[in-house]
Structures are given as structure tokens and as C-alpha cells.
Amino acid sequence: MSDRRAELEAAPWGGRVRRYDLIKEGVVAVLILTIIVTALSTLFGSPDDKQITFKQWAVAAPADFYATAVQELAGSSGTAGYGAPYNTESDGVNLGPLHLAKIAGVTHPIDTVNDFVITPLTTVANATPVADALKQWQGSDAKTQAAWATNYDNALTKANQDRTKVPAGNYGPVPQLAGGLLTMAQAGSLDGALLSQGNYFQSDYTKQTLFLGDGSYFNDQSTASNLQGSTWGMMNETGRYPGQAWLWLYSFWYQIPPFNNADSHPFGANADAWIMVIMGALSLGLICMPLIPGVRSLPYKIKIHRLVWKNYYQEENL
Amino acid sequence: MFKRGQFTLHDRYISQFSPFLAIVLDETLAGVLALGCSGIIKDFFQKAPLLDKEFYLLRMGIFSHFMNLRAVYIHLGWFQISITNLIVVLSMLLLFGLALVLPFPGNNKKGGGQK
Amino acid sequence: MSTDVEKEMWTSKLRKSWQKNLPVEKLLPDTQPAYVASWIYLFGVATLAALALIIASGLVLSFEGASWYHFSRVGHFVNSMHFWSVQFFFIFMVVHLWGKFWMAAWRGRRLLTWITGALAFVGSIATAFTGYLIQTNFDSQWISYEAKDGFNSVGIGSRFNVTNFGQMILLHVAFLPVIIGVITIIHVLLVRAKGVVPPIDAFNKELGERK
């Protein structure tokens, strides 16, 4: 590319011109689009599936909720073992030697035992067995608590989450605590207790969202709406509405090997981090595209510009 | 599914501004909703079941019932796209293609521009 | 005032540079080069029109709060306007981007125009994403749950917490629109200042090159 050409291309246009009313163009564009968007809004509305509450979860899938509560006590839930930024239970995903989440630290500490189960239980007047269980729990040391919860968690898993089939064992007050939380959730008082954590104002829903995600109910709802990341869910929307189609490339990487296999190391297991890096690099590539050799020459090789400027080229015999 | 008078207009904007307008609007919208959710839509489109999930009662849009049915997906191996997203993508390609091929008005007069 | 003093003043420097690079005739011209004659040129302004609708409907939504549209018919309608405007915004922007790529529109020292445009695209994706997070419905519950892993995985989640509704709503209605607005204004001013890029083959004759 000659400097002379760049100079000519940069200089103010000295050739033929045509009348062009920019403001009229803009106003007409706004008017036409307003009509189209109003029509679509009137015809189709917009997606708005009702939010899931803990009450809804506990009523619709009590066994799932109960088992999740036990997992939160035993520390076996997804959140309990997540690592940064919620706790230090795991190193989280990595980019080779880099554990970026761990480096960034625990900025939103979550203690699943107390935040999800014990503290909410203390905010309501419980039935006697639950109140006694709470006293017994709070009066014991961490090691005993963990042993009880883990014993019960394992037994419940073995019994396929059917608490009536769990054999007797050394579970301490854990069954009563999970039962109390289930009652509380079914009555609808867990939603508020989880959010406020003893405060008045609150606008951070991290705790609820993570607790909700630890169970199967929430995930099942998302699968039913085809919103799971493994099935291009990132692009999809509830119902038949268009989704975030512009996330297709981000979503794409999750569908192909090695990223679609969480058991493959090192990439599949750390897909989230690697895909973030890939998309960051690609975004940077888009921003700097005119500087990338090869890509920047494509418009010269694939001559779509002959179509854009077909009239001008014809008129000027170019 | 929707009946006239089933909705009461809670929009404080309009009912404070003009209770009469609120009633007119309410009736009109309820009528439109009733129209949209009967006859045509039910007979021709309601093949898929509604998801087992609650919706907010207030769904405006003549075809909102249709739009909230279970989405239809095209599967091709690992590739999957909802019909609606496909329509969006195809319409982008179509717009791009048309923009390149369709003659632009007012450009046929050669030398019509000013120097 | 002496010219020497005037020369050193930042204010007069800015004024002169402004007058030189972007006089009002360039900002609001009534002609365009003869080659600006294709439907593809409309997609930039169409994107701006969609942005105007997004901002207008978004302003109404912000006055009423994030949950209004669940319970008000007018609210749902305004939400629908917001939703569909965003769909069109991206459709138009992508077609605009394709068009500008195949025109190699960064030619003639227009690199910064391309960069600001691409930044606006990436920034719009982030802004739209935060919008999906504050719908206060099932969709936003799920998206926040699912997306947290992506952001946490590279440490961004420690500061940008998608499950923190308060943070997301503030970013969506305050910070991000300002960023998008500023980038868009710079982008449009650059287009006006530099003019519409001439055809790739426009100067072949002058340069003695054959097509």
C-alpha cells in the first residue's frame, strides 16, 4: 500500500458529490424504527418468565431442597467447594499455572453452613424439635458438626434423597435442621431471610442465587428452557423470543472439544477460563483488525466493495 | 384464555391522568389479548406445550401466548439454534445482501450531483 | 489580546484545532461524495436510531424501577420496546460492521474510527448482558448463575459480581450507557471529521494502477 494512496484516501474528497440530508435520514430512521418496534412489541411482547423462589422450589421439589440443605451443612454442595471468590475450599479453575480467581481472592465470602442454613433458621420462631436441634448444633464444636452433617449427607445420597429410607445413624441434629429449613422455605420466609442476613437494605443476591443453583430444581427449569451453556443456552431466551444471538461465538467454544468435556485436562476442565481468554483475544483482534496482516487484505481479495460502489465504478469507468 | 374486564389497569400513570382513558385502554387491550389468544393462534400454532413454569399474568402482546410456548430448535450434530435466533441471523444476512444488490434511489442520473 | 498569548492558551488551541478538523460544515454537510450511494450506508444511522429508542425506553423503565414491567401493562409494553430495540440495535450494528469491513473502511487514516466502532460493539455486548441480568425474572436468575463461572474463572468475578443485582443495575443504567454514549459520539465525530472512506478502486487512475 503506497503512502500516496493513503494520502489520497485521507484527503478531503475533491470529486463529484451528491445532495445528502443527514438529519432527515436520521429522523426518518428513528420514525420508521419506532413504528417497527412498536408493532413487534404489540404483537409479541417480551419474555418474562417468573422468577423462581425458594418457596416454589421447596414446595415443588421438597426432597431436592432438603438434600441441598444437608449438602450446605456438610460442605459438599457446589458453592461450599467452589473456591474464590466465595471461599478457600478449592483453587478454582486455572490457566496453566495461573489461578486467577484464587489470586483475586475471596471478595464475597460465603459460609454455606451459617449463611444458608443456621442464620436463616435463627430468624424465625421454630417448632420445638428444630429449636432444640439448633441449640444442639450451636453448642457443638466444628468437628462434630461436620461429622454429623457428612454422615447424614452420605446416608441421604445412598437412600436416593429419600429421607424416609435413611437408616438410623450418628446424624446429630442435622435432619431436624434441614427439615426446619424446608418448613421455613415452604412457608415462604426463607427468601427474605437469605437476602437480608439480618440487615434491612440489601441488593446483593449472590447468596440466594448460589444456594438456588446448588439444587437440581433450578437447573432442571433451565434445561427445560434450553438455557444450559452446553446446548448453546447462552444464545437462547425463554419461550420463543430471540436471545442474545450476538453471543454465538462465545457460546460456540463450549460446544466443541476439548471445551465440551469437563473431564479433559487441562482445557476442558478449565473451559470457562480458556474461553474467556480466547474471547478476550478475539475481541482485541476485532478492535485491531485493520492492523492484522492477512485479515486486513481480505476486502481487496474478495471484492464485495465492487457491489457497494457499483454505480460509482460504472460512472467513473473504474 | 383472556376475557374482557379480566384485567384492572394498575398503571397509576394513566389512571391518575384520566380514569376514562384507563378504562378505554384496558378494554381495548383486553380485547386484543382475547383476540390473539383465541381462534387462529390456538388452532394453528398451539402444538407445543407451555413450559411447566409460571408466567407473570400480565403478558402484553397479541401473540405472547405463542411466543411463550416451548421454543423449537434445529439440531445438526453439535450445532443447535432456535428458530427465532435463526430468523434473526438470516435476516441480518438478508439485509446485508439486499443492501448490496438493491439499486439505491436517486443514483441513476449520471452527473446529477454537483461538483 | 496579543497573538502570542493566544497561541499558548489551551482554550484557543482547542478552538483552533476544532475549527480546523471539524468545522460545522463538516459536522453537518449537505452533500456527500458521489460514491455514498448504497443502502449499506444506512446501517450506521439505523444503529443510532435503535440506540435512541433504547435510551428513550430505558429512561422510562429506570423511572419506574426494575420490577415495574411485571405488573403494569404499560410497563410491559415499554419493556418490549426496550427488548426489540436492542435486537434491532445489534442486527443493524452487525450489518454495519460487515459493510465497513468489506469496504476496508479503515483506509486513509481512519483506524481510530474502526477502533471506536469495534469498541462500541464489544461495549454494547457488555451493556446488553447487564440488562439481561436485571430483568428480575427467571432468565436473569439463570444468566447470573451461569455467567458467574466465566467471570470468576479469570478473577474478574471478584470485582464484577454478576449475582450482585445492585451492582449490575447501577452499571447498566449509569456507567455502561455513559461509556457507550461517549464512544458513539467520538465514533460519529470521527466519521464526520475524516469523511466517508472513498472506494477502494477510486484512485487507481491517479496512481497509474490497473484494476
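Here the protein sequences line up with chains P, S and Z, keeping their order.
In this text, residue positions in the first sequence follow my numbering: the first is 1, and each later residue adds one.
In this text, residue positions in the second sequence follow my numbering: the first is 1001, and each later residue adds one.
In this text, residue positions in the third sequence follow my numbering: the first is 2001, and each later residue adds one.
Just so you know, even glycine gets a beta-carbon here, dropped at the ideal spot from N, CA and C.
Predicted model, so just to flag it, every value in this text is computed and none were measured.
Could you tell me the boundaries of the alpha helix (DSSP H) in which residue 197 of chain P lies? Working through the first sequence from its first residue, we reach residue 197 of chain P at position 197. Taken as a continuous stretch (DSSP letters only), residue 197 of chain P belongs to no alpha helix (DSSP H), as it is neither H nor E.
Neighbour list for residue 1082 of chain S in chain Z, Cβ cutoff strictly below 9 Å: Taking the first residue of the second sequence as position 1, residue 1082 of chain S is located at position 82. Near residue 1082 of chain S there are no residues of chain Z at all, since even the closest Cβ is about 13 Å away, more than 9 Å.
How should residue 4 of chain P be labelled, buried or exposed, when 16 other C-beta atoms within 10 angstroms of its C-beta is the threshold for buried? If you number the first sequence from 1, residue 4 of chain P lands on position 4. Exposed, because fewer than 16 other Cβ atoms sit within 10 Å of the Cβ of residue 4 of chain P.
By the criterion of Cβ-Cβ separation under 7 Å, what are the contact partners of residue 2198 of chain Z in chain P? In the third sequence, residue 2198 of chain Z corresponds to position 198, counting from 1. Within 7 Å Cβ-Cβ: 9 and 13.
Contained alpha helix (DSSP H) runs [length at least 4] in the stretch 175-240 of chain P, N- to C-terminal order: 190-196, 206-214 and 217-224, all fully within the stretch 175-240 of chain P.
Pick helix, strand or coil for residue 1075 of chain S, following the three-state DSSP scheme. For the purposes of this step, residue 1075 of chain S is identified with residue 75 of the second sequence, where counting begins at 1. Residue 1075 of chain S carries a strand assignment under DSSP once its states are collapsed to helix, strand and coil.
Would you decide whether residue 272 of chain P is buried or exposed? Buried here means 16 or more other CB atoms lie within 10 Å of its CB. Here residue 272 of chain P is taken as the residue at index 272 of the first sequence, counted from 1. Buried, since its Cβ has 16 or more Cβ neighbours within 10 Å.
Take every Cβ of the stretch 2177-2193 of chain Z, pair it with every Cβ of the stretch 291-308 of chain P, and state whether three or more of those distances are shorter than 8 Å. Verdict: no, contact absent.
If you draw a straight line from the alpha carbon of residue 2089 of chain Z to that of residue 67 of chain P, how long is it in whole angstroms? The count along the third sequence starts at 1 and reaches residue 2089 of chain Z at position 89. The count along the first sequence starts at 1 and reaches residue 67 of chain P at position 67. The alpha-carbon of residue 2089 of chain Z is positioned some 45 Å away from that of residue 67 of chain P.
In chain order, what residues of the same chain lie with their CB nearer than 6 Å to the CB of residue 186 of chain P, ignoring the 5 residues before and after it? Mapped onto the first sequence, residue 186 of chain P falls at position 186. Scanning its chain for C-beta atoms nearer than 6 Å, with the 5 sequence neighbours on each side dropped, one finds around residue 186 of chain P the residues 58 and 59, in chain order.
Can residue 2186 of chain Z and residue 2116 of chain Z be called in contact, C-beta distance under 8 Å? Counting from one through the third sequence, the residue named residue 2186 of chain Z turns up at place 186. Counting from one through the third sequence, the residue named residue 2116 of chain Z turns up at place 116. Against a cut-off of 8 Å, the Cβ pair of residue 2116 of chain Z and residue 2186 of chain Z comes out as a contact.
Return the residues of the stretch 231-252 of chain P that lie within a Cβ-Cβ distance of less than 7 Å from chain S, sorted by chain order. The stretch 231-252 of chain P vs chain S, Cβ under 7 Å: 231, 232, 235, 236, 239, 240, 241, 242, 243 and 245.
Note down, in chain order, every chain S residue with its Cβ under 9 Å from the Cβ of residue 2128 of chain Z. If you number the third sequence from 1, residue 2128 of chain Z lands on position 128. Going along chain S, no residue has its Cβ under 9 Å from residue 2128 of chain Z, so there is no contact; the nearest lies around 14 Å.
For residue 1099 of chain S, decide whether its Cβ has a neighbour in chain Z, counting only Cβ atoms nearer than 8 Å. Position 99 of the second sequence holds residue 1099 of chain S. Yes, because at least one Cβ of chain Z sits closer than 8 Å to the Cβ of residue 1099 of chain S.
What whole-angstrom Cβ distance do residue 47 of chain P and residue 1084 of chain S have, given they're in contact under 8 Å? Locating residue 47 of chain P in the first sequence gives position 47, where the first residue counts as 1. Locating residue 1084 of chain S in the second sequence gives position 84, where the first residue counts as 1. Not quite, the Cβ-Cβ distance comes to about 10 Å (not below 8 Å), so this is no contact.
Which bits of chain Z does residue 213 of chain P rub up against, with CB to CB less than 7 Å? Walking along the first sequence from the start, residue 213 of chain P turns up at place 213. Residues of chain Z passing the Cβ test: 2145.
Of all the options P:88, P:313 and P:145, which has the alpha carbon lying nearest to the alpha carbon of residue 2201 of chain Z? Locating residue 2201 of chain Z in the third sequence gives position 201, where the first residue counts as 1. Checking every option, the nearest Cα to that of residue 2201 of chain Z belongs to P:313.
Where the alpha helix (DSSP H) containing residue 299 of chain P begins and where it ends: If you number the first sequence from 1, residue 299 of chain P lands on position 299. Note, residue 299 of chain P: alpha helix (DSSP H), 298-301.
Near-chain S residues of the stretch 32-50 of chain P (beta-carbon distance less than 8 Å), N- to C-terminal order: Considering only beta carbons, the part of the stretch 32-50 of chain P lying closer than 8 Å to chain S consists of 41, 42, 43, 44, 45, 46, 47, 48, 49 and 50, in chain order.
Residue environment, residue 226 of chain P, which counts as buried when at least 16 other CB atoms sit within 10 Å: Reading the first sequence from its first residue, position 226 is the one you call residue 226 of chain P. Result: buried.
Buried/exposed call for residue 19 of chain P, threshold 16 Cβ in 10 Å: By one-based count along the first sequence, residue 19 of chain P stands at place 19. Residue 19 of chain P comes out exposed.
Return the CA-CA distance between residue 100 of chain P and residue 317 of chain P, expressed in angstroms with no decimal places. In the first sequence, residue 100 of chain P corresponds to position 100, counting from 1. In the first sequence, residue 317 of chain P corresponds to position 317, counting from 1. For residue 100 of chain P and residue 317 of chain P, the gap between their C-alpha atoms comes out near 58 Å.
Under 7 Å Cβ-Cβ, which residues of chain P neighbour residue 2181 of chain Z? For this step, residue 2181 of chain Z is matched to residue 181 along the third sequence. Chain P residues near residue 2181 of chain Z: none, gap ~16 Å exceeds 7 Å.
If you drop the 5 nearest sequence neighbours on each side, which residues of the same chain put their C-beta closer than 6 Å to that of residue 2035 of chain Z? Locating residue 2035 of chain Z in the third sequence gives position 35, where the first residue counts as 1. Excluding sequence positions up to five before and after residue 2035 of chain Z, its CB lies within less than 6 Å of the CB of 2199, all in the same chain and listed in chain order.
If you draw a straight line from the C-alpha of residue 163 of chain P to the C-alpha of residue 103 of chain P, how long is it? Here residue 163 of chain P corresponds to residue number 163 of the first sequence, with the count starting at 1. Here residue 103 of chain P corresponds to residue number 103 of the first sequence, with the count starting at 1. Counting only the Cα atoms, residue 103 of chain P lies some 40 Å from residue 163 of chain P.
Under a three-way DSSP split, which group does residue 2199 of chain Z fall into? Residue numbering aside, residue 2199 of chain Z sits at position 199 when the third sequence is read from its first letter. If DSSP states are grouped into helix, strand and coil, residue 2199 of chain Z belongs with coil.
Starting from residue 2110 of chain Z and walking both ways along the alpha helix (DSSP H), at which residues does that stretch end? Locating residue 2110 of chain Z in the third sequence gives position 110, where the first residue counts as 1. Counting along the chain, residue 2110 of chain Z falls outside any alpha helix (DSSP H), and DSSP gives it neither H nor E.
Could you say which of S:1068, S:1103, S:1078 and S:1070 lies nearest to residue 231 of chain P if we only look at CA atoms? Within the first sequence, the letter at position 231 stands for residue 231 of chain P. Ranked by Cα distance from residue 231 of chain P, the first of S:1068, S:1103, S:1078 and S:1070 is S:1078.
Is it true that the stretch 253-261 of chain P meets the stretch 2131-2144 of chain Z, where meeting means three or more beta-carbon pairs spaced less than 8 Å apart? Counting Cβ pairs under 8 Å, fewer than three are found: no touch.
8 Å Cβ cutoff met for residue 250 of chain P and residue 275 of chain P: Counted from its first residue, the first sequence places residue 250 of chain P at position 250. Counted from its first residue, the first sequence places residue 275 of chain P at position 275. It is a contact, given that the beta carbons lie within the stated cut-off.
Residues near residue 305 of chain P by beta carbon distance below 8 Å, same chain, minus five either side: As a working note, residue 305 of chain P is residue 305 in the first sequence. Around residue 305 of chain P: 299.
Are the beta-carbon atoms belonging to residue 2095 of chain Z and residue 1096 of chain S less than 8 Å from one another? Here residue 2095 of chain Z is taken as the residue at index 95 of the third sequence, counted from 1. Here residue 1096 of chain S is taken as the residue at index 96 of the second sequence, counted from 1. Contact flag set, yes.
Sequence-distant residues of its chain with Cβ nearer than 7 Å to residue 145 of chain P (five each side left out): By one-based count along the first sequence, residue 145 of chain P stands at place 145. Counting only Cβ-Cβ distances below 7 Å, and skipping sequence neighbours, we find 137.
Can you find a CB in chain S that lies within less than 8 Å of the CB of residue 298 of chain P? Along the first sequence, read from residue 1 onward, the residue named residue 298 of chain P stands at position 298. It does not; no Cβ of chain S falls within 8 Å.
Span of the alpha helix (DSSP H) around residue 130 of chain P: Residue mapping note: residue 130 of chain P aligns to position 130 of the first sequence, counting from 1. From DSSP, the alpha helix (DSSP H) with residue 130 of chain P extends over 128-138.
Quick one: does residue 2062 of chain Z have its CB under 8 Å from some CB of chain S? For this step, residue 2062 of chain Z is matched to residue 62 along the third sequence. With 8 Å as the cut-off, residue 2062 of chain Z does not count as an interface residue toward chain S.
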